[in-house]
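Asks: So for the sequence shown, the working numbering puts the first residue at 2; every next one is plus one.
Glycine included, each C-beta is placed from N, C-alpha and C at the ideal position.
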Amino acid sequence: MSIFIDEKTPVLVQGITGRIGSFHAKEMIDYGTNVVAGVTPGKGGMTHLGKPVFNTVQEAVEATGAEASIVFVPPAYAGDGIMEAAESGIKYCVSITDGIPTHDMIRVKRYINSAKPEERMILTGPNCAGTISPGRAMMGIMPGHIYMQGKVGLIGRSGTLGYEAASQMKELGIGISTAVGIGGDPINGSSFVEILKHFESDDETQAVLIIGEIG
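1) For the stretch 87 to 94 against the stretch 45 to 55, do three or more pairs of beta-carbon atoms, one drawn from each stretch, fall closer than 8 Å, so that the two count as touching?
2) Taking 7 Å as the limit between beta carbons, can you name the residues of its chain near Asn189, skipping five residues before and five after?
3) Can you have a look at Gln15 and say buried or exposed, based on whether 16 or more other CB atoms are within 10 angstroms of its CB?
4) If Ile177 and Met149 are in contact, beta carbons under 8 Å, what's the gap, nearest whole angstrom?
5) What residues match up with Gln246 in a beta bridge as DSSP calls it?
6) Is the stretch 150 to 167 touching the stretch 199 to 213 in the sense that three or more CB pairs, one from each, lie closer than 8 Å?
7) Cα-Cα, which of Ser70, Ala79 and Leu13 is closest to Ile101?
8) How many angstroms separate the CA atom of Thr103 from the CA atom of Ala130?
9) Please report how far the alpha carbon of Asp7 lies from the alpha carbon of Ala67, in whole angstroms.
10) With a cut-off of 8 Å on the beta carbons, I'd call Ser70 and Glu205 a contact; round off their distance for me.
11) I'd like the span of the alpha helix (DSSP H) that includes Leu197, first residue to last.
12) Taking the alpha helix (DSSP H) that Leu162 belongs to, which residues open and close that run?
13) How about Ser96 and Val58: do their beta carbons lie closer than 7 Å?
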């Protein structure tokens with residue numbers, strides 16, 4: 002198995018009609034990710050990349066049963082987008098957005114942590130490369146072809162260092178169960194320790210590589 006996402010996980014893309022969101026949503030779909038919908042306020046009712054677009058996350062969740070969301074929303078609005086995902090019952094959220102104001106992330110963390118532990122959304126990012134379970138599903142901006150499926154978990158703060166590690170591991174014949182980017186911002190959704198706990202409960206993962214970042 003893998004952690005957070007696999008080929009069956011229904012995923013929605015917040016900001017799917019934007020230039021960046023559209024590009025990476027297509028990459029995710031081509032990789033095999035089960036993208037079921039997109040969310041762009043004011044564009045509900047249209048279809049993009051063959052997927053229905055909704056005005057709100059709540060509408061998308063009710064219509065498609067989405068359980069995970071990836072956020073490609075401008076920094077000024079990304080905090081609200083993350084909280085909207087949590088409020089709508091999303092279980093796992095990846096925020097790619099860089100430059101979210103610190104006070105917005107403080108508000109986001111407070112909001113997420115106000116939920117009961119068993120109902121609390123897991124957030125990775127912001128300012129991260131995303132999450133990939135090689136050969137199964139990808140929620141992020143990483144080059145999927147450099148990851149080989151295997152039994153080593155990968156947690157990284159730096160996206161590019163994570164890419165380098167995955168590439169070298171593949172050359173050595175070492176595969177990855179799931180790679181998770183936690184992001185390089187001062188306030189992020191999940192810590193190394195919190196993600197490590199999820200790997201500990203995964204029978205497929207036999208070891209975990211943790212990559213930090215200077216700064």
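Replies: For this structure:
1) no
2) Within the sequence shown, numbered from 1, the residue matching residue 189 stands at position 188. These residues qualify, in order along the chain: Gly126, Pro127 and Ile183.
3) For the purposes of this step, residue 15 is identified with residue 14 of the sequence shown, where counting begins at 1. Under this definition Gln15 is a buried residue.
4) For the purposes of this step, residue 177 is taken as residue 176 along the sequence shown, with counting starting at 1. For the purposes of this step, residue 149 is taken as residue 148 along the sequence shown, with counting starting at 1. The pair is a contact, with the Cβ atoms about 7 Å apart (cut-off 8 Å).
5) Any answer about residue 246 is impossible in this case: the structure gives the chain only from 2 up to 216.
6) yes
7) Against the sequence shown, residue 101 aligns to sequence position 100. Closest by alpha carbon: Ala79.
8) Sequence index remark: in the sequence shown, residue 103 carries index 102 (1-based). Sequence index remark: in the sequence shown, residue 130 carries index 129 (1-based). One C-alpha to the other measures close to 19 Å.
9) Counted from its first residue, the sequence shown places residue 7 at position 6. Counted from its first residue, the sequence shown places residue 67 at position 66. Distance between the alpha carbons of Asp7 and Ala67 is about 13 Å.
10) Residue mapping note: residue 70 aligns to position 69 of the sequence shown, counting from 1. Residue mapping note: residue 205 aligns to position 204 of the sequence shown, counting from 1. Not really, about 24 Å apart at Cβ, beyond 8 Å.
11) Stepping through the sequence shown from its first residue, residue 197 is reached at position 196. Run containing Leu197: Phe193 to Glu201, per the alpha helix (DSSP H) assignment.
12) Residue 162 sits at position 161 when you count from the first residue of the sequence shown. Run containing Leu162: Gly160 to Glu172, per the alpha helix (DSSP H) assignment.
13) In the sequence shown, residue 96 corresponds to position 95, counting from 1. In the sequence shown, residue 58 corresponds to position 57, counting from 1. No; because the gap between Cβ atoms is not below 7 Å, this pair is not in contact.
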